[in-house]
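S.K.: The structure is given below, and queries will be raised subsequently.
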Amino acid sequence: MATESHEHETMIPGPLSSANIIHIWKIEDGVLLAYGTAAYTVLEATDDTYAPGCIYIKSLAAGSSIMYFNEGTKASPDFDQVTVA
Numbered sequence: 060m061a062t063e064s065h066e067h068e069t070m071i072p073g074p075l076s077s078a079n080i081i082h083i084w085k086i087e088d089g090v091l092l093a094y095g096t097a098a099y100t101v102l103e104a105t106d107d108t109y110a111p112g113c114i115y116i117k118s119l120a121a122g123s124s125i126m127y128f129n130e131g132t133k134a135s136p137d138f139d140q141v142t143v144a
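In my numbering, the protein residues as written are 60 to 144.
Structure, rendered in structure tokens:
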């Protein structure tokens, strides 16, 4: 049973978005959640790092974001933009 509080006011914020891709959550199959200002093609050029199903959030200067999803494999990532219908 967990004894630590997981309330929002006790959470530590992550670093600001940068051209470096920041890995938030990593599992045995690779990085599952990441963010930054780099183009998604940078992630596609990196093999054996990003797990299938990885979500990449690209931060834009205007304060909005674009979300991408790895539909490829860890060896050959293929990030596509997520659209909401």
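Note that the Cβ used here is the ideal one computed from N, Cα and C, for glycine as well.
Computed from a predicted structure; not experimentally measured.
1. For residue 101, which of 81, 120, 88, 144 has the nearest alpha-carbon?
2. Please return the same chain residues whose Cβ sits closer than 8 Å to the Cβ of residue 112, not counting the five positions on each side in sequence.
3. When you compare only the Cα positions, how much space is there between residue 84 and residue 110?
4. Would you kindly check if the distance between the Cβ of residue 135 and the Cβ of residue 88 is under 8 Å?
5. List the endpoints of the continuous beta strand (DSSP E) containing residue 92.
6. Do residue 137 and residue 103 count as a contact pair if the criterion is CB distance below 8 Å?
7. Skipping 5 residues on each side, what residues in its chain have a beta carbon closer than 6 Å to that of residue 132?
8. Using DSSP bridges, identify the partner residues of residue 115.
9. Which first and last residues belong to the alpha helix (DSSP H) in which residue 132 is found?
M.R.: Once the coordinates are examined:
1. As a working mapping, residue 101 is identified with position 42 in the sequence shown. The shortest C-alpha separation from residue 101 is found at 81.
2. Here the question's residue 112 lines up with position 53 in the sequence shown. These residues qualify, in order along the chain: 91, 128, 129.
3. By 1-based counting over the sequence shown, the position of residue 84 is 25. By 1-based counting over the sequence shown, the position of residue 110 is 51. One C-alpha to the other measures close to 11 Å.
4. Start at 1 with the first residue of the sequence shown, and residue 88 comes out as number 29. Start at 1 with the first residue of the sequence shown, and residue 135 comes out as number 76. No. Outside cutoff.
5. Walking along the sequence shown from the start, residue 92 turns up at place 33. Its beta strand (DSSP E) spans residues 89-95.
6. For this step, residue 103 is matched to residue 44 along the sequence shown. For this step, residue 137 is matched to residue 78 along the sequence shown. The answer is yes: Cβ separation under 8 Å.
7. Counting from 1 along the sequence shown, the entry for residue 132 is found at position 73. Same-chain partners within the cutoff: 111.
8. Here residue 115 is taken as the residue at index 56 of the sequence shown, counted from 1. 93, 127.
9. Your numbering for residue 132 matches position 73 in the sequence shown. First-last for residue 132: undefined, no H or E at that position.
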